[in-house]
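Colleague:
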Amino acid sequence: MKRILFLVNHDVVIYNFRLEIVERFIKDGHEVHISSPYGERIDDLVKLGAKFHEIKMERHGMNPKDELRILGKYKKLMKDVKPDICLGFTIKPNIYGAIAARGQHIPFVANITGLGTAVENPGISQKISILLYKYAFKKVQRVFFQNEENKKFFEDHGLAKGKGMIIPGSGVNLIRYPYREYPEDGVIKFAFISRIMKEKGIDQYLDTAEAFKGKNVEFHVCGFCEPEYDGRLQEEHKKGIVNYHGMIRDVAGFMGEMHCIIHPTYYPEGISNVLLEACATGRPIITTDRSGCREVVDDGKNGYMIPCQSSESLIRAVDKFLGLSWKEKKTMGEEARRKVEREFDRQIVVEKYVDEVKKA
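As numbered in my numbering, residues 400 to 759 make up the sequence shown, in order.
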């Protein structure tokens, strides 16, 4: 039996995308500890048998005082818990968790879930982040990457040399996201399911919805809305251009009612979870030609791939999809399901973590 400490920046990060890892470790008799800001999903994890340690953090801020506070909290947590291994997810838990673990000679496994804009875009934030990663990852046991582009970025900057391994994103639970029968033709329903922010392509999606206003289609939007888009989204909803649902809990059930999921992101993704979930439910996808998305779409087979930040390209792709017969749309969805079964089953990811814990 080993004591395993998970470090995350949000309860949804671990519940939605790492639940099966937690379940497996508890089933195998390990003692599982989770450090995260509190959220409603934490209660569900505690019911499973995990122990919770609340550490609050700003996910996007770079205030030095706050960053040092997180590092200090992690150091104290590790002294109290005395884990045999730490598993980090997302930027701050990876960096400050790895530094704290290094100081106490605790094996650390990091998961790069995407570079994030601060790391991907050249500038002072990138330089600081690279320096922090270089120091933090010097002694890590393993760094999991979700796509080749992220792995190459780290290698090009001399980070975690010889420690990197590609895994299929967070994978998708093929039982929790079962194949759902394709809806009949009629009103064709598209959905944008994501955090509603500029880099996720919401502008391109709204432009496309406006272009098809009055046609036999519906455009749905789900997710947490950043303040800058709240006004526009409410206005578009009132005009009947989109149907805005806010946050939804039953994502799989909602996807089952849709004909196609659109993810026009240009955000630095790891592997897009919404694309994996859409494919698992048997829904065609339209997404962008960027790392984290292109790995999931086989253009013309399970959906369409378009250039980033191009409303015109998205409009053409939607028009092309509408021109397909019901059978052709359904076949695309079936191919989407087969692809995730072959390449993105979450159990592949679970076994990689089991292997790393055995090494600790």
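Backbone N, C-alpha and C define an ideal beta-carbon position, used for all residues, glycine too.
1) Quick check: H432 and V508, are their CB atoms within less than 8 Å of each other?
2) Per DSSP, what kind of secondary structure is T516 in: helix, strand or coil?
3) Report, in whole angstroms, the separation of the C-beta atoms of N549 and G669, which I expect to be a contact under 8 Å.
4) In whole angstroms, what separates the C-alpha of A651 from that of T680?
5) Would H662 pass as a contact of H644 if the rule is Cβ separation under 8 Å?
6) DSSP state of G563, grouped into three classes?
7) Which residue marks the beginning of the alpha helix (DSSP H) containing G471, and which one marks its end?
8) How about V542 and I511: are their beta carbons less than 8 Å apart?
9) Just verifying my parser: in three-state terms, what is the DSSP assignment at S435?
10) Output needed for E583: all residues of its chain with C-beta closer than 8 Å, excluding positions within five of it in sequence on either side, in chain order.
11) DSSP three-state call for R541: helix, strand or coil?
12) Drop a sphere of 10 angstroms on the beta-carbon of G613, count the other beta-carbons inside from all chains shown, and report buried for 16 or more, exposed for fewer.
13) Using the Cβ count rule (16 or more neighbours within 10 Å means buried), how would you classify L467?
14) Is the beta carbon of C659 closer than 8 Å to that of F589?
15) When the Cα atoms are used, what is the spatial distance from I441 to R648?
Modeller: A quick look at the data gives this:
1) no
2) helix
3) 7 Å
4) A direct Cα-Cα distance of roughly 7 Å separates A651 from T680.
5) In this structure, H644 does not lie closer than 8 Å to H662 by Cβ.
6) Strand at G563.
7) P463 to V480
8) yes
9) strand
10) Taken in chain order, the residues that qualify are W725.
11) strand
12) Around the beta carbon of G613, fewer than 16 other beta carbons lie within 10 angstroms, which makes this residue exposed.
13) exposed
14) Yes, Cβ-Cβ distance for F589 and C659 is below 8 Å.
15) 15 Å
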